[in-house]
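Those protein sequences? They're chains A, B and C, same order as listed. According to our numbering, the first sequence is numbered sequentially starting from 1. According to our numbering, the second sequence is numbered sequentially starting from 1. According to our numbering, the third sequence is numbered sequentially starting from 1. Built from N, CA and C at the ideal position, the CB exists for glycine as well. Okay, structure first, notes after.
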Amino acid sequence: MKRKIISALLASAVAFTSLLTGCGSGSGTNSESGKVTITNVSYDPTRELYSAYNEIFAKHWKELKGQDVEITQSHGGSGKQALEVANGLEADVVTLALEYDVKAIQNAGLIDEGWVDEFDKDSSPYTSTIVFLVRKGNPKNIHDWDDIVKDGVGVITPNPKTSGGARWNYLASWAYADKKFNGDESQIKDFVKKLYKNVLVLDSGARGATTTFVENGQGDVLLAWENEAYLSIQDNPDEYEIITPSISILAQPSVAVVDSVVDKRGTREVATEYLNYLYSDDAQRLAGKNFYRPSNPDILNEFSDVFDLNVNLVTIDDFGGWDKAQEEHFADGGIFDQIYEK
Amino acid sequence: MDNKNTGSKVTKWILVGISFLFVFVMLILPLVTVIMEALRKGWDTYIQAVTDEYTVKALLLTLEATAFAVIFNTIFGLFSAWTITKYRFRGKKILTALIDVPVTVSPIIAGLIFVLTFGRQSFLYPYLQELNINVVFAVPGIILATVFVTFPFISRELIPVLEAQGTDEEEASALMGAGGFKIFTKVTFPHIKWAFLYGIVLCVARAIGEFGAVSVLSGHLRGKTNTLPLHVEILFNEFQYVPAFAVSSILVMLAVAILIIRSIIEYIGKRNNEDVR
Amino acid sequence: MKKAGKRVIPAFGISMGVTLAMVSLIVIIPLASLVIFTSHMSFSEIWETITRERVLASFKVSFITAFIASLINMVMGIILAWVLVRYDFPLKRIIDGLIELPFAMPTAVAGIALTSLTSDKGLVGKFFANFGIKIAYTRIGITVALVFIGIPFVVRAVQPVLEKLDPSYEEASKVMGASGGKIFRSVILPEILPPAITGFGLAFGRCLGEYGSVVFIAGNKPFETEITPLIIMSELQEYDYSSATAIALVMLVTAFLILFIVNLIQARNTRILGR
Numbered sequence: 001m002k003r004k005i006i007s008a009l010l011a012s013a014v015a016f017t018s019l020l021t022g023c024g025s026g027s028g029t030n031s032e033s034g035k036v037t038i039t040n041v042s043y044d045p046t047r048e049l050y051s052a053y054n055e056i057f058a059k060h061w062k063e064l065k066g067q068d069v070e071i072t073q074s075h076g077g078s079g080k081q082a083l084e085v086a087n088g089l090e091a092d093v094v095t096l097a098l099e100y101d102v103k104a105i106q107n108a109g110l111i112d113e114g115w116v117d118e119f120d121k122d123s124s125p126y127t128s129t130i131v132f133l134v135r136k137g138n139p140k141n142i143h144d145w146d147d148i149v150k151d152g153v154g155v156i157t158p159n160p161k162t163s164g165g166a167r168w169n170y171l172a173s174w175a176y177a178d179k180k181f182n183g184d185e186s187q188i189k190d191f192v193k194k195l196y197k198n199v200l201v202l203d204s205g206a207r208g209a210t211t212t213f214v215e216n217g218q219g220d221v222l223l224a225w226e227n228e229a230y231l232s233i234q235d236n237p238d239e240y241e242i243i244t245p246s247i248s249i250l251a252q253p254s255v256a257v258v259d260s261v262v263d264k265r266g267t268r269e270v271a272t273e274y275l276n277y278l279y280s281d282d283a284q285r286l287a288g289k290n291f292y293r294p295s296n297p298d299i300l301n302e303f304s305d306v307f308d309l310n311v312n313l314v315t316i317d318d319f320g321g322w323d324k325a326q327e328e329h330f331a332d333g334g335i336f337d338q339i340y341e342k
Numbered sequence: 001m002d003n004k005n006t007g008s009k010v011t012k013w014i015l016v017g018i019s020f021l022f023v024f025v026m027l028i029l030p031l032v033t034v035i036m037e038a039l040r041k042g043w044d045t046y047i048q049a050v051t052d053e054y055t056v057k058a059l060l061l062t063l064e065a066t067a068f069a070v071i072f073n074t075i076f077g078l079f080s081a082w083t084i085t086k087y088r089f090r091g092k093k094i095l096t097a098l099i100d101v102p103v104t105v106s107p108i109i110a111g112l113i114f115v116l117t118f119g120r121q122s123f124l125y126p127y128l129q130e131l132n133i134n135v136v137f138a139v140p141g142i143i144l145a146t147v148f149v150t151f152p153f154i155s156r157e158l159i160p161v162l163e164a165q166g167t168d169e170e171e172a173s174a175l176m177g178a179g180g181f182k183i184f185t186k187v188t189f190p191h192i193k194w195a196f197l198y199g200i201v202l203c204v205a206r207a208i209g210e211f212g213a214v215s216v217l218s219g220h221l222r223g224k225t226n227t228l229p230l231h232v233e234i235l236f237n238e239f240q241y242v243p244a245f246a247v248s249s250i251l252v253m254l255a256v257a258i259l260i261i262r263s264i265i266e267y268i269g270k271r272n273n274e275d276v277r
Numbered sequence: 001m002k003k004a005g006k007r008v009i010p011a012f013g014i015s016m017g018v019t020l021a022m023v024s025l026i027v028i029i030p031l032a033s034l035v036i037f038t039s040h041m042s043f044s045e046i047w048e049t050i051t052r053e054r055v056l057a058s059f060k061v062s063f064i065t066a067f068i069a070s071l072i073n074m075v076m077g078i079i080l081a082w083v084l085v086r087y088d089f090p091l092k093r094i095i096d097g098l099i100e101l102p103f104a105m106p107t108a109v110a111g112i113a114l115t116s117l118t119s120d121k122g123l124v125g126k127f128f129a130n131f132g133i134k135i136a137y138t139r140i141g142i143t144v145a146l147v148f149i150g151i152p153f154v155v156r157a158v159q160p161v162l163e164k165l166d167p168s169y170e171e172a173s174k175v176m177g178a179s180g181g182k183i184f185r186s187v188i189l190p191e192i193l194p195p196a197i198t199g200f201g202l203a204f205g206r207c208l209g210e211y212g213s214v215v216f217i218a219g220n221k222p223f224e225t226e227i228t229p230l231i232i233m234s235e236l237q238e239y240d241y242s243s244a245t246a247i248a249l250v251m252l253v254t255a256f257l258i259l260f261i262v263n264l265i266q267a268r269n270t271r272i273l274g275r
């Protein structure tokens with residue numbers, strides 16, 4: 001009797017373990033009904049863009065090949081998403097916030113070198129920039145970077161060390177100071193240091209920073225991606241204004257096909273077309289409607305009433321590329337760390 | 001005598017008052033905040049968020065992981081608590097401490113650990129690939145993470161009670177010739193019934209709310225590996241503030257429902273017990 | 001008696017076997033992989049990583065806030081458990097039912113809700129702002145979030161023991177004229193202290209590692225309100241697995257030591273009580 005019960009218990013434990021491992025198999029779904037499934041691992045605020053885009057792409061692919069395509073979406077912090085792909089999350093394509101994150105996947109051996117040139121415009125089909133979100137009526141009179149380093153201005157921006165997207169914020173301010181002080185590094189550092197002295201809350205991600213500014217009413221100005229700033233305005237149209245500074249940075253989200261995954265799953269063709277079609281006129285307009293700046297200049301001009309096209313945009317190349325910028329500014333002991341050292 | 005009674009009455013109401021204040025500020029206010037935020041844009045938005053296809057799928061996955069966690073930890077809890085309290089052996093303290101480790105491991109680290117153990121960096125990975133088994137960024141990983149974070153709850157509830165009860169009764173029955181299983185069901189179990197119930201409830205509550213470890217292991221595939229707490233995070237990050245709270249309110253209500261049911265079972269059970277006496 | 005009764009109860013082998021198998025699968029193997037992963041680094045590299053000023057500052061923030069929060073939870077946990085077991089009052093069932101709420105609420109949601117309550121625009125924060133006390137975005141805020149996270153531990157550890165405790169002892173001592181305070185100190189406290197300490201240890205360990213709720217309320221300013229799990233997160237963002245696991249290992253070893261000490265205290269107490 002006792003033996004029986006115990007062996008039953010043991011058996012259930014074994015069954016549990018095998019169930020645990022058993023139900024994980026078979027993720028490489030393909031063929032069968034002639035339907036193809038691909039996974040797009042993206043970063044946070046792109047969901048609406050991609051749920052709309054997936055629809056028009058499915059139609060496009062059906063016309064092109066007569067095949068149904070289903071796209072599984074995954075969203076999260078850009079760096080974390082890259083890390084997960086590098087650790088074995090099966091993504092056919094990645095559409096992340098910065099080149100550096102895609103590079104991390106390349107370094108893990110999953111994406112072949114040269115992906116940056118695989119698609120137009122350094123593989124960024126849409127771009128954005130860093131703007132200021134201020135409270136209605138702009139009570140602190142904030143118009144440019146100079147205004148936010150003044151005493152008594154409360155700044156909200158996420159931590160560039162935990163939020164990949166926030167690195168653009170930091171670099172944008174650096175770019176402005178660089179022009180202002182003609183490249184005198186100690187003066188630039190002082191400027192950026194003053195800026196981060198004014199930071200009241202250094203949230204871990206862009207969304208947390210927006211909550212701090214919008215829902216909890218902290219600070220006078222939020223440094224944000226343009227598309228996110230527009231999303232906040234959409235929610236509370238009468239409470240905020242967007243200010244575009246004179247100089248900012250061209251934030252280039254990067255897209256890439258994950259070579260080792262598409263080769264294994266046999267989805268290279270559809271994955272490549274998925275990213276390629278992002279450059280079509282329809283997809284570009286969709287990006288514009290979701291407050292991303294289309295990379296096609298003609299279509300960007302169609303949105304000139306939405307975006308301030310006069311802003312002077314520097315690019316990451318002005319910082320010598322991501323590897324150098326990362327090493328100099330954000331690595332342990334880099335300039336960002338020095339700013340906070342006493 | 002009279003004096004003493006009023007004295008203890010005063011103590012009672014002071015303590016009850018402190019408890020009320022604490023529970024109100026620390027538990028009820030956050031709860032109310034969640035529900036108010038969830039309803040800020042009216043019922044329609046709420047219903048829409050709650051009945052969304054992906055919300056429902058996430059809820060099912062959460063329930064699945066919770067069920068596994070409860071089954072696994074029940075088996076483990078009973079065996080480990082029994083082993084630790086009824087026998088004397090070397091290394092008992094280390095074993096007890098090991099059992100508690102999952103609670104104190106930062107959930108992020110917990111997730112990281114499993115990624116290191118089963119992910120691409122692991123030496124196990126090629127074998128798992130050959131067998132076409134995905135642990136990380138798939139459902140098994142989520143279940144593992146859930147089991148991990150709730151691992152000690154049931155045994156932790158049982159151990160103090162069993163310890164307080166001692167081993168005399170079991171030893172007596174053993175000397176009278178009862179087997180291990182019989183001793184357990186007839187002698188031990190009645191003592192630990194309520195602690196066991198507490199343990200299961202703790203385990204369920206923690207399992208449905210687990211976020212950190214699961215978040216590292218899930219891959220956030222919509223409709224496939226998103227649990228309810230992850231779905232909340234994603235909605236939040238997509239600037240869907242109100243729907244995020246609407247979905248969290250499901251979790252909160254689920255929890256409150258379980259807790260109240262437990263309370264009732266316990267109340268009825270204990271009253272019946274007294275009636276029998 | 002104890003010695004003689006060593007293995008009187010049958011089924012030792014099977015119970016021990018199942019326990020060990022499950023502990024290995026869930027705890028030991030994963031922990032071992034962490035240790036193996038860290039062993040890629042030399043000791044001096046690990047030392048350098050964990051003694052960076054910013055890391056040390058975060059240890060300080062994490063340990064202080066976790067300790068204070070668990071202390072508050074220990075006191076409040078004993079009071080709550082006592083009130084719930086010994087007294088009858090309206091809404092008792094509901095309060096009892098709410099205790100596990102912090103477990104079930106996803107930590108991020110808890111963090112966002114607590115922050116909106118305690119920021120100087122929020123309900124509670126406004127009240128304290130009158131006295132010049134800021135809660136959200138300070139260490140006080142972190143402590144509040146950690147108190148929330150740790151509530152169930154002590155209450156649920158003490159409650160079952162208190163329920164098993166025979167009130168007849170207390171009645172006896174009351175009849176013999178002992179005052180309420182004295183009864184509590186000499187009869188009840190020794191019984192509930194061991195579970196309370198266990199609860200404290202668990203809460204402390206959990207608070208040390210808590211991330212989801214704290215990041216929203218903390219403000220995350222380096223050297224001031226930056227917690228260690230956040231540093232681990234930022235190392236991961238930089239794909240610096242080695243640093244992340246090294247810091248994680250320190251947290252783990254500390255947590256394990258705390259639990260071990262707690263278990264020692266508990267064992268000693270049990271022995272003093274003559275079991």
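Going by beta carbons, V50 (chain B) and I250 (chain B) fall inside the 9 Å limit. The beta-carbon separation of Y211 (chain C) and P107 (chain B), rounded to 7 Å, stays under the 8 Å limit for a contact. Counting only Cβ-Cβ distances below 7 Å, D96 (chain C) has contacts in chain B at S263, in chain order. Between the alpha carbons of A229 (chain A) and I247 (chain C) lies a gap of roughly 35 Å.
DSSP, read as helix, strand or coil, puts E241 (chain A) in strand.
Look at E113 (chain A) here: in three-state DSSP terms it is coil, with no helix or strand label.
Sorting B:S122, B:G17 and B:E169 by C-alpha distance to the C-alpha of F89 (chain C) places B:G17 at the top. Contact between N220 (chain C) and D203 (chain A) holds, with the beta-carbon distance rounding to 6 Å and staying under 8 Å. For I133 (chain C), the three-state secondary structure derived from DSSP is coil. For A256 (chain A), the beta-bridge partners assigned by DSSP are A:V94.
Chain C has no Cβ within less than 9 Å of the Cβ of N169 (chain A).
If the five residues before and after K140 (chain A) are omitted, its C-beta is found closer than 6 Å to the C-beta atoms of V153 and D220, all from its own chain and listed in chain order.
Interface residue (Cβ-Cβ distance to chain B less than 9 Å): V41 (chain A) is classified as such. Look at Y126 (chain A) here: in three-state DSSP terms it is strand. W225 (chain A) is bridged by DSSP to A:I130.
Look at S280 (chain A) here: in three-state DSSP terms it is coil, with no helix or strand label. Taking C-beta atoms under 8 Å as the contact rule, I99 (chain C) and P160 (chain C) fail to qualify, at a distance of about 13 Å.
With 16 or more other Cβ atoms inside 10 Å of its own Cβ, A207 (chain B) counts as buried. Residue-level contact by beta carbon fails for E99 (chain A) and chain C, as no gap is shorter than 9 Å.
When CB distances to chain B are screened at a threshold of 7 Å, the residues of the stretch 58-85 of chain C falling below it are M76, I79, L80, W82 and V83, in chain order. Residue-level contact check: F236 (chain B) touches chain A, since one or more beta carbons of chain A fall below 9 Å from its beta carbon. Residue contact check for N263 (chain C) against chain A: no CB pair falls below 9 Å. Using a CB distance below 7 Å, the part of the stretch 214-236 of chain C facing chain B consists of P229, I232 and M233, ordered along the chain. For K161 (chain A), the chain C residues whose C-beta falls within less than 8 Å of its own C-beta are S234, Q237 and E238, listed in chain order.
Listed in chain order, the non-local C-beta contacts of D281 (chain A) below 8 Å within the same chain comprise N296 and I299, local neighbours out to five positions each way being set aside. Among the residues facing chain C, S204 (chain A) is included, as its CB has a counterpart in that chain under 9 Å away. Here Q284 (chain A) has P294, N296 and I299 as same chain residues with Cβ atoms under 6 Å from its own Cβ, once five neighbours each way along the sequence are excluded. For I56 (chain A), the enclosing alpha helix (DSSP H) has its first and last residue at R47 to K65.
For a Cβ distance threshold of 9 Å, residue set T211, E215 and N216 of chain A lies close to S116 (chain C), ordered along the chain. A113 (chain C) has its alpha-carbon roughly 21 Å from the corresponding atom of S62 (chain C). Contacts with chain B at 9 Å (Cβ-Cβ) include A110 (chain C). Taking 9 Å as the CB threshold, N87 (chain A) lines the interface with chain B. A residue is called buried when at least 16 other Cβ atoms come within 10 angstroms of its Cβ; E130 (chain B) does not meet this threshold and is exposed. Assigned with DSSP and collapsed to three states, S106 (chain B) falls in coil, not helix or strand. Identification of chain A residues near L221 (chain B) by a Cβ-Cβ cut-off of 7 Å yields T39, T72 and S74, ordered along the chain.
If you compare the alpha carbons of A:K180, A:A91 and A:N276 with that of S42 (chain A), the shortest gap goes to A:A91.
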